[in-house]
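Counting from 1, position 205 in the sequence shown corresponds to residue 205 in UniProt numbering; the numbering is continuous, with no gaps.
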Amino acid sequence: MRSNLSSILILLFSWLTQGYSQTVVSPDSIELHAHELIRNQDLDARIEAFDYLNSNLGDFIKQYSDFQDSFPRFEGLAVLENNDLELRIVTYQLYRDTSTYEYGGWVQSSRLKEPVFLNDDSEIWEDDQDLDYLEMMPDNWYGALYYQMHPIIESNDELVILLFGLDNYHFFTKRKVLESMVIANGALSFGQHLIEMEEGLPKEFWKRRFILDYSVQAPATLRYDSGRDKIIFDHLIFMPSDIPEQKIMRVPDGTYSGFEIDDEKQKLVFIEKVFDQVMEEAPGGRERSKEKRDLFGNPQK
1 MRSNLSSILI
11 LLFSWLTQGY
21 SQTVVSPDSI
31 ELHAHELIRN
41 QDLDARIEAF
51 DYLNSNLGDF
61 IKQYSDFQDS
71 FPRFEGLAVL
81 ENNDLELRIV
91 TYQLYRDTST
101 YEYGGWVQSS
111 RLKEPVFLND
121 DSEIWEDDQD
131 LDYLEMMPDN
141 WYGALYYQMH
151 PIIESNDELV
161 ILLFGLDNYH
171 FFTKRKVLES
181 MVIANGALSF
191 GQHLIEMEEG
201 LPKEFWKRRF
211 ILDYSVQAPA
221 TLRYDSGRDK
231 IIFDHLIFMP
241 SDIPEQKIMR
251 VPDGTYSGFE
261 IDDEKQKLVF
271 IEKVFDQVME
281 EAPGGRERSK
291 EKRDLFGNPQ
301 K
């Protein structure tokens with residue numbers, strides 16, 4: 001009788017403490033390491049902060065798995081979330097030197113069993129001629145800081161999200177990325193045949209992502225414009241650079257190209273010229289906010 005009672009007590013104790021056996025990561029710890037990642041001048045300290053976020057941010061995100069509360073905004077983390085879709089994406093950047101950047105990220109969705117870590121493999125892929133056509137998985141992700149998202153396909157079986165990201169790439173050349181993220185059958189992948197650059201191309205020749213390289217002297221826009229329901233980006237031209245090491249630079253010419261979103265055929269159709277006239281202001285506005293913000297769009301304290 002006493003033996004049975006002891007067994008019951010052990011089982012009861014195990015059940016009561018099961019929730020406490022999981023790793024609990026505090027907001028202060030995440031905030032500290034996110035701050036160190038972009039503010040500390042010592043590379044080793046930044047690497048340590050980056051590794052910490054790669055290892056622990058997933059456990060912290062789990063505390064917000066009901067998608068009812070907005071995820072905390074910390075300097076150093078780029079956060080995108082859509083509570084209606086029960087989707088959250090967090091990305092961050094490690095600065096190694098002026099031409100070397102590394103990215104990390106986590107994706108949380110009610111369609112995924114657990115938050116998924118994004119392992120940056122962009123060093124391998126960034127100069128691949130087939131980059132626009134490659135499908136990638138979370139463990140060989142093309143890393144970027146995501147600043148905007150737009151759902152394009154939503155069904156019981158599949159969720160496809162357009163992601164707009166920044167890759168700091170190299171010293172003279174920066175890169176904007178239009179990525180497609182797919183969640184289907186409980187799995188995550190990147191790159192779906194969506195982008196039709198020429199009319200009549202077979203679907204297998206549609207691009208999986210769109211890359212926009214531009215010179216650091218003249219930032220280019222790439223974004224979803226909700227007012228026009230189009231993707232808008234700067235039309236770029238080559239010009240001689242006044243920097244000898246750069247020789248030529250790629251800069252906006254004041255006109256805009258884009259993509260029409262064809263919901264019926266589930267594709268993006270390239271548009272050479274979105275507007276008939278040169279605009280004085282970029283679509284969606286490029287005006288400076290009076291409120292100071294960091295690289296991730298968060299208000300600076």
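Note that CB positions come from ideal geometry on N, CA and C, so glycine has one too.
Only counting the same chain, and skipping five residues up and downstream in sequence, which positions put a Cβ closer than 7 Å to that of tyrosine 146?
For the purposes of this step, residue 146 is taken as residue 146 along the sequence shown, with counting starting at 1. These residues qualify, in order along the chain: Ala78, Leu80, Ile89, Thr91, Leu163, Phe164, Gly165.
Look at the alpha carbon of phenylalanine 50 and the alpha carbon of alanine 34, and state the distance between them as a whole number of angstroms.
Counted from its first residue, the sequence shown places residue 50 at position 50. Counted from its first residue, the sequence shown places residue 34 at position 34. Distance between the alpha carbons of phenylalanine 50 and alanine 34: 8 Å.
In whole angstroms, what separates the C-alpha of phenylalanine 71 from that of glycine 200?
Position 71 of the sequence shown, counting from 1, holds the residue named residue 71. Position 200 of the sequence shown, counting from 1, holds the residue named residue 200. The straight-line gap from Cα to Cα measures roughly 43 Å.
Please report the straight-line C-alpha distance between valine 177 and arginine 209, rounded to a whole angstrom.
Translated into the one-based positions of the sequence shown, residue 177 becomes position 177. Translated into the one-based positions of the sequence shown, residue 209 becomes position 209. Taking C-alpha positions only, valine 177 is separated from arginine 209 by approximately 7 Å.
Please state if the CB of phenylalanine 259 and the CB of valine 269 are separated by a distance shorter than 8 Å.
Position 269 of the sequence shown, counted from the start, is the residue given in the question as residue 269. Position 259 of the sequence shown, counted from the start, is the residue given in the question as residue 259. Here valine 269 is near phenylalanine 259, since their CB atoms are less than 8 Å apart.
Using only the alpha-carbon positions, how far apart do tyrosine 214 and arginine 96 sit?
As a working mapping, residue 214 is identified with position 214 in the sequence shown. As a working mapping, residue 96 is identified with position 96 in the sequence shown. If you take the alpha carbons of tyrosine 214 and arginine 96, they lie about 21 Å apart.
Beta carbon of isoleucine 38, beta carbon of glutamate 86: below 8 Å?
Taking the first residue of the sequence shown as position 1, residue 38 is located at position 38. Taking the first residue of the sequence shown as position 1, residue 86 is located at position 86. Isoleucine 38 places its beta carbon 8 Å or farther from that of glutamate 86.
What separation, rounded to the nearest whole angstrom, lies between the Cα atoms of isoleucine 232 and serine 26?
If you number the sequence shown from 1, residue 232 lands on position 232. If you number the sequence shown from 1, residue 26 lands on position 26. Cα to Cα, isoleucine 232 sits roughly 39 Å from serine 26.
Span of the beta strand (DSSP E) around leucine 32
Reading the sequence shown from its first residue, position 32 is the one you call residue 32. For leucine 32, no beta strand (DSSP E) encloses it; the enclosing alpha helix (DSSP H) starts and ends at 27 to 39.
Specify whether the stretch 105 to 112 and the stretch 182 to 202 touch according to this definition: at least 3 beta carbon pairs, one from each stretch, less than 8 Å apart.
Touching, per the Cβ criterion.
Note the first and the last residue of the continuous beta strand (DSSP E) segment covering glycine 88.
Walking along the sequence shown from the start, residue 88 turns up at place 88. A quick correction: the sequence has arginine, not glycine, at residue 88. Boundaries of the beta strand (DSSP E) harbouring arginine 88: 87 to 97, taken from the DSSP string.
Does glutamate 48 come out as helix, strand or coil in the three-state DSSP assignment?
Counting from 1 along the sequence shown, the entry for residue 48 is found at position 48. Glutamate 48 falls in the helix class under three-state DSSP.
Looking at the secondary structure, which residues open and close the alpha helix (DSSP H) in which isoleucine 124 lies?
Sequence index remark: in the sequence shown, residue 124 carries index 124 (1-based). DSSP places isoleucine 124 in the uninterrupted alpha helix (DSSP H) bounded by 122 to 125.
Limits of the unbroken beta strand (DSSP E) element including phenylalanine 259:
Here residue 259 is taken as the residue at index 259 of the sequence shown, counted from 1. Note, phenylalanine 259: beta strand (DSSP E), 248 to 262.
Quick one: grab the DSSP three-state call for serine 65.
Locating residue 65 in the sequence shown gives position 65, counting from the first residue. In the three-state scheme derived from DSSP, where H, G and I count as helix and E and B as strand, serine 65 is classed as coil.
Among Tyr142, Leu134, Val24, Ala187, the one whose alpha carbon lies nearest that of glutamate 59:
Here residue 59 refers to the residue found at position 59 when the sequence shown is read from its first residue. The displayed chain sequence assigns aspartate, not glutamate, to residue 59. The shortest C-alpha to C-alpha distance from aspartate 59 to any of Tyr142, Leu134, Val24, Ala187 is the one to Val24.
Distance, Cα to Cα, phenylalanine 117 vs tyrosine 52?
The count along the sequence shown starts at 1 and reaches residue 117 at position 117. The count along the sequence shown starts at 1 and reaches residue 52 at position 52. Each residue's Cα considered, the two are about 13 Å apart.
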